[in-house]
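Chemist:
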Amino acid sequence: MKKKIQVVIEDKETHLITVSRGYAFNYLIQKKNARIPTKKQIKHIEMFQKVKKERKKINEIAIQETQKKLENIGKISIYKKMGDNQLIFGSVTDKEITKWIVEHTQINTNKVKIQIDDIKTIGVKNISLNIKQNATHSLKVNIIPVNI
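Numbering (numbering that gives the first Met the number 0), first residue to last: 0 to 147.
Following this line, the structure appears as structure tokens:
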């Protein structure tokens with residue numbers, strides 16, 4: 000008789016774990032937190048876990064490629080009309096920065112979140128781009144007046 004068995008725990012995701020028989024039958028299965036899987040179910044769960052790992056690797060590769068493309072950008076130059084006291088009309092928005100990035104680097108900016116303060120003066124400002132939770136990149140934005 001085996002001392003350890005595999006059980007399927009179904010929370011938000013399906014997990015296949017190996018636990019002792021007593022813990023499985025006396026607690027997990029009795030409380031309906033787990034069930035004993037068949038061989039087909041084990042194979043099915045392992046297949047889904049494998050696909051999930053492959054997707055995660057593909058996403059990491061895409062993030063690295065996006066970071067490499069963003070590193071090639073030295074600074075972004077945006078032209079705006081200037082008013083009095085070196086103030087620009089309106090402000091520089093994340094849509095303008097996104098448009099510039101798409102035109103010059105062909106990066107899918109749906110995955111990039113831009114954190115920008117209110118830019119209402121001419122000059123060089125810093126912005127940060129969040130690619131994923133742990134991947135950030137900072138860029139310089141040069142606001143150039145059109146009517147000098």
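Backbone N, C-alpha and C fix where the C-beta goes; we use that ideal spot for every residue, glycine too.
Where F88 and I115 are concerned, what is the direct C-alpha to C-alpha distance, given to the nearest angstrom?
Modeler: C-alpha separation (whole angstroms): 17 Å.
Chemist: Counting C-beta neighbours from all protein chains within 10 Å, is the total for V50 16 or more, i.e. buried, or is it exposed?
Modeler: Result: exposed.
Chemist: Among residues of its own chain, excluding the 5 on either side of Q152, which ones have a beta-carbon nearer than 6 Å to its beta-carbon?
Modeler: What is shown of the chain runs 0 to 147, which leaves residue 152 out entirely.
Chemist: Report yes if the C-beta distance between I106 and I77 is below 9 Å; otherwise report no.
Modeler: Result no, Cβ atoms of I106 and I77 do not sit closer than 9 Å.
Chemist: Among residues of its own chain, excluding the 5 on either side of I130, which ones have a beta-carbon nearer than 7 Å to its beta-carbon?
Modeler: So the list reads I62, T65, Q66, K110, V111, H136, once near-sequence residues are dropped.
Chemist: What's the call for K42, buried or exposed, on a 16-neighbour Cβ count within 10 Å?
Modeler: The residue is exposed, with fewer than 16 neighbouring Cβ atoms inside 10 Å.
Chemist: With 16 as the cutoff for other CB atoms within 10 Å, does K30 come out buried or exposed?
Modeler: So K30 counts as exposed.
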